[in-house]
Amino acid sequence: MAGLVETLSRPVGAALAAVTGTVARVRDGRPMHARGVLLRGTLVVAEDEAGAASVPQGRTPVTVRVSLGAGLPRGLPDVVGIAVRWTDDGAPQDVLFASSGRGRLTRFLLVPRRALLGGWLSTLLPLRSPHGPRVLALRPDHDAARGAGTPVLEVLEATPLGAWHRFGAVELHGPEAGSAHDGDDPEARFDPTGHAPRHLGTYGWEDALRARGYRAARRAGGPAAR
Numbered sequence: 001m002a003g004l005v006e007t008l009s010r011p012v013g014a015a016l017a018a019v020t021g022t023v024a025r026v027r028d029g030r031p032m033h034a035r036g037v038l039l040r041g042t043l044v045v046a047e048d049e050a051g052a053a054s055v056p057q058g059r060t061p062v063t064v065r066v067s068l069g070a071g072l073p074r075g076l077p078d079v080v081g082i083a084v085r086w087t088d089d090g091a092p093q094d095v096l097f098a099s100s101g102r103g104r105l106t107r108f109l110l111v112p113r114r115a116l117l118g119g120w121l122s123t124l125l126p127l128r129s130p131h132g133p134r135v136l137a138l139r140p141d142h143d144a145a146r147g148a149g150t151p152v153l154e155v156l157e158a159t160p161l162g163a164w165h166r167f168g169a170v171e172l173h174g175p176e177a178g179s180a181h182d183g184d185d186p187e188a189r190f191d192p193t194g195h196a197p198r199h200l201g202t203y204g205w206e207d208a209l210r211a212r213g214y215r216a217a218r219r220a221g222g223p224a225a226r
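In terms of the UniProt record's numbering, the sequence shown opens at residue 1 and continues consecutively.
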C-alpha cells in the first residue's frame with residue numbers, strides 16, 4: 001500500500017511543482033511563507049504523557065517561526081504556518097504546522113484564518129512515530145496564557161482518524177534578535193523532511209509529495225521550507 005501511495009503521489013508532486021514554480025516566479029522569490037517572525041519558546045512535555053516518546057521530555061528551548069502563507073494584506077484570511085525547532089545532539093529537529101480543522105477529515109485540510117493564533121494547526125500529514133502514524137496539532141490555550149502572561153499552545157497527537165490527546169505545550173516568549181527576515185535568511189529555513197525529528201520521521205510518499213515543489217521553489221530563488 002505504501003508503495004502504491006508513493007507512486008500515485010509523484011504526479012501530484014509534479015503538479016504541485018508546476019504551481020510552486022509559477023507562483024515563485026510571479027512573486028520573485030519564495031512561493032509561500034516568505035516572511036515571518038522568529039520567537040523564543042519552551043516545549044513542555046511531562047514524562048508520563050503518551051506522546052512523550054516522540055519529543056523531548058521536560059522543558060526544552062525551541063525556536064518558533066510564525067508566518068502567513070501568501071502574505072496577503074492584513075485583515076484577509078490567510079494560511080497560518082508555525083514551525084517548531086529544537087536540537088538533538090546539535091542537530092535541528094523541525095516540525096511544521098499549518099492552520100487546519102480538527103475533525104477526522106479537516107485535520108488534513110488547510111483553513112485560512114484572519115488571526116495568527118485563532119484556531120487549530122496540524123501537521124496535515126501523519127508522522128512516523130514509535131507507536132505508528134500520528135498527526136500532531138497545536139491549539140491556543142487561553143487559560144494557560146492568562147496564567148503565564150505569554151501565549152501558550154497545547155500540543156496534541158492523534159492517529160490519522162482518532163481522537164486528540166494533549167501531551168504537552170509550547171510557551172511563546174519574546175522574538176529572536178533580528179526576527180523579521182526574508183526567505184533568504186538561512187536561519188529561517190525549516191525542513192520537515194531533512195530535519196525530521198529522530199522519533200518523528202516522515203513517510204516516503206510524503207517526501208515524494210514535497211520534493212518536486214521544494215526543488216521548484218529553490219530554483220525560482222527561495223527556499224521552500226518555512
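Just so you know, even glycine gets a beta-carbon here, dropped at the ideal spot from N, CA and C.
Three-state secondary structure (DSSP) of residue i
i    : result
D191 : coil
L127 : strand
W120 : coil
D89  : coil
A148 : helix
T106 : helix
L43  : strand
L200 : coil
A115 : coil
A158 : strand
R210 : helix
D141 : coil
A224 : In this predicted model, A224 has a pLDDT of only 46, less than 50, meaning its place in the structure is not dependable; the value taken from the coordinates is given anyway. Reduced to three states, the DSSP call for A224 is coil.
Reference residue i; option with closest CA among the options
i    : options                : result
T60  : E171, L116, P130       : E171
L38  : R139, F190, L124, R198 : F190
L153 : G168, A163, W164, R104 : G168
P126 : R114, T42, L200, G36   : L200
T87  : P175, G41, V155        : G41
G174 : V45, T63, V44          : T63
V66  : V44, G58, P133, A115   : A115
L138 : G204, A158, G147, F97  : F97
W205 : A148, A46, R128        : R128
R134 : G149, G147, V155, A148 : V155
P192 : A70, P130, Q57, V84    : V84
A163 : R104, A91, Q57         : R104
G71  : G36, P130, G132, R166  : G36
P92  : A196, L124, T159       : A196
I82  : T123, E157, G147, L209 : T123
Burial state of residue i (16 or more Cβ within 10 Å)
i    : result
R198 : exposed
G194 : exposed
D143 : exposed
L161 : exposed
T106 : exposed
D94  : buried
L76  : exposed
Cβ shell of residue i (< 6 Å), same chain only, five flanking positions each side left out
i    : result
Q68  : One detail in the question is off: residue 68 reads as Leu in this sequence, not Gln. Within the same chain, L68 has close Cβ partners D78.
S99  : V79, V80, V111, R113, L121
V55  : V45
L136 : T123, E157
Close beta carbons around residue i, own chain, < 8 Å, minus the five adjacent residues each side
i    : result
P151 : L117, P140, A145, E171, L172
T22  : The predicted model places T22 with a pLDDT of 41, which falls under 50 and marks its position as unreliable; any figure quoted below should be read in that light. There are no such residues.
G132 : T159
E47  : Q57, G58
A148 : E171
Neighbourhood of residue i by C-beta, 7 Å cutoff - its chain only, sequence neighbours within 5 removed
i           : result
G101        : R107, L109, V111, W120
residue 234 : This structure leaves residue 234 out entirely; the chain is present only between 1 and 226.
G90         : none
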